[in-house]
Amino acid sequence: MQLQVQNSLSADIDTIFGFYNMAIAHQKKVFNKHWQGFSREMVQTEIDENRQYKILADGTVACVFAVTFNDQLIWGERDHDAIYIHRIVTHPAFRGYSFVKEIIKWAKVFAAENGIKFIRMDTWADNEKLLAYYTGCGFDYVGVVSMEKTDGLPKHYEGISLSLFEIAL
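Residues 1 to 169 in full-length UniProt numbering are what the sequence shown spells out, letter by letter.
Below you can see the structure in the form of structure tokens.
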């Protein structure tokens, strides 16, 4: 299977939201928390700023994810020199293909080209399955943060604790 990581385009926005809806349905089945939706404006801004990506598997969108380069509300004083990966969603037909590892490979190249020292991500602190998966993909667990200020973050960040992960480059 040939994989390509590409910037998402405005024409992809309905596909991206279709992926988010699939992810929310899956989260409701397998965990006690789930995303509570995202604004189209936020996703369009990510597309416009080349921060929304898709992974094509033999030309078919198999996975989507977003990045940012600052995450002060989550990472606090550690918020520097990093690419932060958010909202990874794999289409159910492509589960098991280790797209997180593909994203890490892509992020390492991107980081090297842009002087970035860390690849970082977060997830719910009590999601044991994802915690084990992310460390198995090469992330180091670096602690838990309780969310207090969430202005500007999606609704599901309100009042939760997050486990933080990073790969130092």
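Yeah, the Cβ is synthetic: ideal placement off N, Cα and C, and Gly gets one too.
Work out the CA separation of residue j and residue i for me, nearest whole Å.
i: A23; j: V67; result: 18 Å
i: Y53; j: V5; result: 7 Å
i: T90; j: I119; result: 19 Å
i: A168; j: I88; result: 20 Å
i: E158; j: T150; result: 6 Å
i: K117; j: K101; result: 18 Å
i: H156; j: G59; result: 32 Å
i: N70; j: Y20; result: 22 Å
i: R40; j: T135; result: 31 Å
Name the residue from the options whose alpha carbon lies nearest to the alpha carbon of residue i.
i: F110; options: S98, P92, D81, I160; result: D81
i: L153; options: I13, L56, Q27, Q72; result: Q72
i: A11; options: Q44, R95, D151, H156; result: Q44
i: S126; options: T15, V30, H86, A25; result: Position check: residue 126 holds Asp in this sequence, whereas Ser was assumed. Out of T15, V30, H86, A25, V30 has the C-alpha closest to the C-alpha of D126.
i: I16; options: F38, K33, H26; result: F38
i: S163; options: W75, Q36, P92; result: W75
If we count the other Cβ atoms within 10 Å of its Cβ and call it buried at 16 or more, is residue i buried or exposed?
i: M1; result: exposed
i: Y141; result: exposed
i: A112; result: exposed
i: A107; result: buried
i: V64; result: buried
i: A57; result: buried
Just list the residues that DSSP pairs residue i with in beta bridges.
i: S161; result: S146
i: M121; result: F165
i: L56; result: Q4, V61
i: V89; result: V64
Hey, does residue i have any beta-carbon neighbour from chain D nearer than 8 Å?
i: I103; result: The structure shown contains no chain D; it holds only a single protein chain.
Can residue i and residue j be called in contact, C-beta distance under 8 Å?
i: S8; j: I55; result: no
i: M121; j: F165; result: yes
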